[in-house]
Structure formats: structure tokens, C-alpha cells
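Report on the structure given below.
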Amino acid sequence: MSLESVPPKYAQLVQALQRRIESGDYPPGSMLPSENQLINEFGVSRPTVVAALRVLREQGWVESQQGKGRFVRGRPAVTGAEQPRPGQAYLTAPEAASPGEVVQAGAVTVPNRIAALLDLPSKNKAFLRRRLIGKDGEPTEVVSVWVPLDLAEGTALTQSEPLDQGLREHLHSRKGVRFDHVVEQIVARMPAAEEAKQLGMPKGAPLLVVYGAVRDAAGKALAAVEVLLPADRHELQDVYPIG
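All the letters of the sequence shown, read from the start, carry residue numbers 152 to 394 under my numbering.
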């Protein structure tokens with residue numbers, strides 16, 4: 152299993168505490184549990200807890216008051232300004248909301264990187280659904296999603312028409328699974344000849360490739376996403392606070 156496909160322990164703790172803040176278990180103004188309490192409850196080391204609390208403070212979820220402890224501030228307002236990442240947008244938005252066509256749908260032998268993201272042995276098969284998305288009559292990106300074969304059974308992923316749901320909602324309604332988090336990686340590389348042709352890319356233009364490992368709350372792999380973005384037509388933007 153690829154170590155990159157699972158969030159580090161401090162990131163998992165950050166996500167757990169964020170969910171508690173959002174659910175009201177830790178309401179704004181309340182005191183966060185102490186480091187020792189978090190160590191005992193989650194079974195992690197002190198450096199893991201310290202790293203998670205630092206992230207929460209830097210992102211604006213909590214604040215430290217010297218001599219008193221850490222207090223909950225709530226969900227930072229800046230998170231609402233964040234733009235959906237390419238992988239996230241495909242998982243949540245209905246396919247029908249973006250112009251494109253399904254160019255491949257079926258069981259395939261997964262590439263090594265995708266096998267690692269899905270926790271599959273090398274040369275195993277998974278279900279692939281690939282769409283070529285365009286804008287103003289020109290191709291802009293290729294979005295591929297791989298799903299374990301048993302999870303694809305009984306779904307509409309095999310159909311050539313665009314889904315009227317996002318992948319997350321569709322798999323939840325058909326299979327009862329819940330997406331909890333995505334581990335995203337972005338790399339730059341030169342396109343393969345077929346990719347360059349499919350996207351109408353000029354010679355020498357690089358690709359931005361977004362990989363997403365989709366997991367449930369227990370860390371089980373549910374899907375892997377790959378988004379191919381011609382670098383000369385896209386830029387990736389993020390918004391985050393500075394503590």
C-alpha cells in the first residue's frame with residue numbers, strides 16, 4: 152500500500168477534530184481537550200497531537216490563550232472562499248452540469264499508481280469511467296475515475312450518458328458508501344502522445360495531473376480520480392489563512 156495514499160496521523164486527527172467542531176460537539180467558545188486527553192482518546196503520540204493542534208490554530212479553527220488552554224473558534228470564514236479542487240469538483244458536481252462525453256467505461260487493469268491509491272495488488276482490475284470535458288467546443292480536461300469492481304456493480308457508471316448526480320451522491324444512493332476525505336497529489340509531466348492528441352495540446356506543452364485517493368472515515372479506499380489539465384489552459388488557486 153502506498154504511504155502517500157493515507158493521510159498522516161496528524162492530518163487524520165485534524166479532520167476528526169474539525170468534524171467535532173462542525174457537528175457542535177465542540178461549540179465555539181468551548182475549551183478543547185488537553186493534549187493528554189487527545190493522546191489517550193485517539194491513541195497517538197504527543198508530536199502528532201502538537202502538529203494537529205498547530206494546523207487547527209494556523210487555519211483559524213482554535214485559538215490559544217496563555218495559561219488557560221485552547222478554545223474553539225469554529226469553522227473559519229475563509230474556508231467558504233476556497234474554490235473546489237478539480238478532483239473534488241468531479242466527485243460532487245453532476246456530470247450533466249459540465250459539457251463532455253464518456254470516452255471509456257469498463258473494467259481495466261489499473262496502472263501501478265492507481266493500484267496504490269486503491270490499495271489493490273499490481274495488475275488487478277478496477278472499473279474505469281473516463282470523460283473528455285470541453286468548453287466552447289474545445290477539450291479542456293480528461294477526468295478518469297477508478298472504482299473497485301464490487302463497488303461499481305449495480306450502478307449507472309457503465310452508461311454512456313452523463314450522470315445527473317455527482318459520483319459521491321451516486322455511490323452513496325446505490326451502494327451506501329460515504330466519502331470522508333480525499334488525499335490529493337498534483338504532479339507535472341509531459342503528456343503521452345494519445346493524451347496530447349485527445350486534448351489538442353501543442354508540442355512541448357506540459358500537463359498538470361491531479362490524483363485523488365477517495366476514502367471513507369475508516370480509511371478504506373473507495374475510488375481514485377485522475378484529472379489531466381493542459382498547463383497552458385489552467386491555473387490552480389487556493390485560499391488559506393496566515394496565522
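Ideal placement from N, C-alpha and C gives every residue a C-beta, glycine not left out.
- Looking from the CA of LEU242, the closest CA among GLU209, ARG281 and LYS219 belongs to ARG281.
- For HIS385, the three-state secondary structure derived from DSSP is coil.
- If only uninterrupted alpha helix (DSSP H) runs of at least 4 residues are considered, those enclosed by the stretch 234-291 are 237-243 and 263-268.
- For GLN163, the enclosing alpha helix (DSSP H) begins and ends at 160-174.
- Excluding its 5 nearest sequence neighbours in each direction, SER181 has C-beta neighbours in its own chain below 8 Å: PHE222 and VAL223, listed in chain order.
- Counting along the chain, the unbroken beta strand (DSSP E) around PHE222 starts and ends at 220-223.
- Residue range 197-210 is occupied by the alpha helix (DSSP H) that includes GLN210.
- Contact check for PRO381 and LEU350: beta-carbon distance about 5 Å, within the 8 Å limit, so the pair qualifies.
- Annotation for PRO184: GLU192 place their beta carbon closer than 8 Å to its own, counting only its chain and skipping 5 residues before and after.
- Listed in chain order, the alpha helix (DSSP H) elements of length 4 or more contained wholly in the stretch 293-374 are 300-303, 318-326 and 344-350.
- Pairing LEU279 with GLN255 gives a Cβ-Cβ distance under 9 Å.
- A residue is called buried once 16 or more other Cβ atoms fall within 10 Å of its Cβ, and ARG170, having fewer, is exposed.
- Annotation for LYS326: LEU302, GLY305 and THR306 place their beta carbon closer than 8 Å to its own, counting only its chain and skipping 5 residues before and after.
- Spatial neighbours of MET352 in its own chain (CB-CB distance under 7 Å, excluding positions within 5 residues in sequence) are listed in chain order as PRO342 and PRO381.
- DSSP lists PHE222 as the bridge partner or partners of GLU214.
- One thing to note: LEU164 has its Cβ within 9 Å of the Cβ of VAL195.
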